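Novice:
Protein chains in written order, with our numbering: chain A, -3 to 204; chain B, -3 to 204; chain C, -3 to 204.
(1) Would a C-beta distance cut-off of 7 Å place residue 23 of chain A and residue 46 of chain A closer than the cut-off?
(2) In angstroms with no decimal places, state the Cα-to-Cα distance between residue 197 of chain B and residue 75 of chain A.
(3) Can you pull the chain C residues whose beta carbon is under 8 Å from the beta carbon of residue 93 of chain B, in chain order?
(4) Near residue 155 of chain C, what residues of its chain come up, given a Cβ to Cβ distance below 6 Å and the 5 sequence neighbours on each side ignored?
(5) Based on Cα-Cα distance, which residue from A:147, A:190, A:33, A:20 lies nearest to residue 101 of chain A?
(6) If we cut at 7 Å on Cβ distances, does residue 76 of chain A have a partner in chain B?
(7) Rank B:105, B:195, B:53, B:118 by C-alpha distance to the C-alpha of residue 79 of chain A and give the top, closest one.
(8) Based on DSSP bridge pairs, tell me the residues matched to residue 101 of chain A.
(9) Just to confirm my understanding: we take residue 16 of chain A, look at its own chain, exclude 5 residues before and 5 after, and list those with CB closer than 7 Å. What are they?
(10) For residue 64 of chain A, which three-state DSSP category applies?
(11) Which word fits residue 108 of chain C, buried or exposed, when buried means at least 16 other C-beta atoms lie within 10 angstroms of its C-beta?
(12) Given that a residue counts as buried once 16 or more other Cβ atoms are within 10 Å of its Cβ, and exposed if not, what is residue 31 of chain C?
(13) For residue 8 of chain A and residue 57 of chain A, I'd like the C-alpha separation in whole angstroms.
(14) Do residue 161 of chain B and residue 27 of chain B have their beta-carbon atoms positioned less than 7 Å apart in this structure?
(15) Evaluate contact between the region 49 to 65 of chain C and the region 141 to 154 of chain C, counting only Cβ atoms and requiring at least three cross-stretch pairs below 8 Å.
(16) Under 7 Å between the Cβ atoms of residue 98 of chain A and residue 176 of chain A?
(17) Contact criterion: CB-CB distance below 7 Å. Does residue 107 of chain C meet it with respect to chain B?
(18) Cβ of residue 160 of chain B less than 7 Å from any chain E Cβ?
(19) Could you list the residues in the region 169 to 182 of chain C with a C-beta less than 9 Å from some C-beta on chain B, going in chain order?
(20) So, is the C-beta of residue 201 of chain C closer than 7 Å to a C-beta in chain B?
(21) Please go through the same chain and pick out, in chain order, the residues whose beta-carbon is closer than 6 Å to the beta-carbon of residue 49 of chain B, but skip the five residues on each side of it.
(22) Quick check on the DSSP output: what are the complete beta strand (DSSP E) runs of length 3 or more inside the region 118 to 175 of chain A, in order along the chain?
(23) Taking C-beta to C-beta, are residue 118 of chain A and residue 20 of chain A nearer than 7 Å?
(24) Could you tell me whether the Cβ atoms of residue 35 of chain B and residue 92 of chain B are closer together than 7 Å?
(25) Just the C-alpha distance for residue 165 of chain A and residue 43 of chain C, rounded to the nearest angstrom, thanks.
(26) Checking contacts by CB at 7 Å: is residue 69 of chain A closer than that to chain C?
(27) Only counting the same chain, and skipping five residues up and downstream in sequence, which positions put a Cβ closer than 7 Å to that of residue 53 of chain C?
(28) Of all the options B:38, B:159, B:189, B:204, which has the alpha carbon lying nearest to the alpha carbon of residue 135 of chain B?
(29) Between the C-alpha atoms of residue 86 of chain C and residue 132 of chain B, what's the straight-line distance to the nearest angstrom?
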């Protein structure tokens, strides 16, 4: 019998793939919602369902991390990666809930643009995280991380512009409360994507 | 002379007990405040006092963790546990401060229900954390963690419902600002309780 | 050839010095802005520029930490220190952005006082962090940490008072939204300074 030093490595990568798949799906579905301009029970159920699936995968990763003796990367990096990918799905889900609670019922041009940037960023996150199964080919991973950082800057400017416009033109304070939170949370999705890219970057530095 | 490998284990558990006792006391007193419907100087002093005591215990735990060579669990888990139990007391204290600052002067049915769920959750957190002194009997600990998770879901739904009602019926934007923050912070208490339950869970997985 | 065990220690301290220098500069410039009472494009560019420099230094520290075999302190403490000093600059930058977005155009007495306390606290943080290059002389470091903690309490009371005044006297809800966020963020700067002081404290406990 040969002692297998890395018996579960592959499943870590498979689980990460499952987790970022959930994030990509949530971002795609969020864009759909935003294009429709309102969130009904059915849509909310669907995004909650994606979030629950993502949660389950996150728990599996943490469990495996706690039980296995050897992990493909520093345990702390794996832990952070999982928590932050989970945070991406959580906040997309939270924005959808807010849209429902606030009875948003119009297509908002700014939010549509935001949702497109979020989808691009989450897809780049997925490329970066999936790339980790082969750290010896870091070029594509690094490019994906650079893209995530770029999109965070795009989102920063977008949020500042949308907020300026909101405070400039919206006279109903309750609308200001609603949209301020939605825009700020939308930008937070991109911040968390950037956090994931930083962890991926850290892993690369240690392994190349 | 026998070298004692775990000379300070017991004091870790005693300190954690002191810390969760503070959290339970804060939650109980918070419920009292909310039932009265307003927060005066005296009540605020009392909850600040509990928070200061909780702070002192947290510092003792971190100090002991930094100084001792061997800890009963992974140092990172002990650290997270302390920080998060401290966060529970901090945010309960913050909500009480806000109620005073916002001159809340009515019994709010929604907040009363929230305070009851918070108390239940903090009590379950206490059972989970106190159970750690005997990880070989994990059943009661696990049940407490499951209960904390359940109550977090209850709180999520409660907050969404209360916010929907608030945006539906409250026409004074300044009241919307106040109560939106109070309800969201109340739900955050339950989120942090869930974080504590996750750490307890992690410790169990590693030790059973 | 002598194997140098700590070949890069000095550069860690130099980089930390660069990083806290950025924070001190940001705090000083923030006070200037607040005294002028409004934020124009030029001022915002300047504070963004400081933030970018701080970011670069933070990345250098994280890179060096990932690459070097031996670090002067626990890697986790170095990591936290860098992230939190970066957070100080980020949030000062964010407040400046908000002032611009919200078209703040008056000198606010409360914010002026806050900016002075922030500057004092960041300077104390700088003394604490710079002191780490000589942990065997902990007295001045500890005094700086105590000062940071004291100023956090000052800020807490200041924020509560300013918010109470705001909710008492401001009848325009949109102004309430703006200033509530500004005051709360200003206090958060002091919270983060306190977090830095805690990490410094932790390092001292381990090394003295």
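A virtual CB, placed ideally from N, CA and C, is assigned to each residue, including glycine. Quick caveat, the model's predicted, so the values are computed rather than measured.
Specialist: Let's see:
(1) Contact flag unset, no.
(2) Approximately 15 Å, taken between the alpha carbons.
(3) 156
(4) 179, 183
(5) Closest by alpha carbon: A:33.
(6) Residue 76 of chain A does not count as touching chain B.
(7) B:195
(8) A:34
(9) 81, 121, 122, 125, 126
(10) coil
(11) exposed
(12) Exposed, because fewer than 16 other Cβ atoms sit within 10 Å of the Cβ of residue 31 of chain C.
(13) Between residue 8 of chain A and residue 57 of chain A, the alpha-carbon positions lie close to 7 Å from each other.
(14) no
(15) At 8 Å Cβ cutoff, the stretches do not touch.
(16) no
(17) no
(18) The structure shown has no chain E; the protein chains it does contain are A, B and C.
(19) Cβ contacts with chain B come from 169, 170, 172, 173, 176.
(20) yes
(21) 18
(22) Listed in chain order, there is nothing to give.
(23) Their beta carbons are under 7 Å apart, which means residue 118 of chain A touches residue 20 of chain A by this criterion.
(24) yes
(25) 27 Å
(26) Not one chain C Cβ lies under 7 Å of residue 69 of chain A.
(27) 11, 14, 15, 18
(28) Ranking B:38, B:159, B:189, B:204 by Cα distance to residue 135 of chain B puts B:204 first.
(29) Rounded to the nearest angstrom, the two C-alpha atoms are 45 Å apart.
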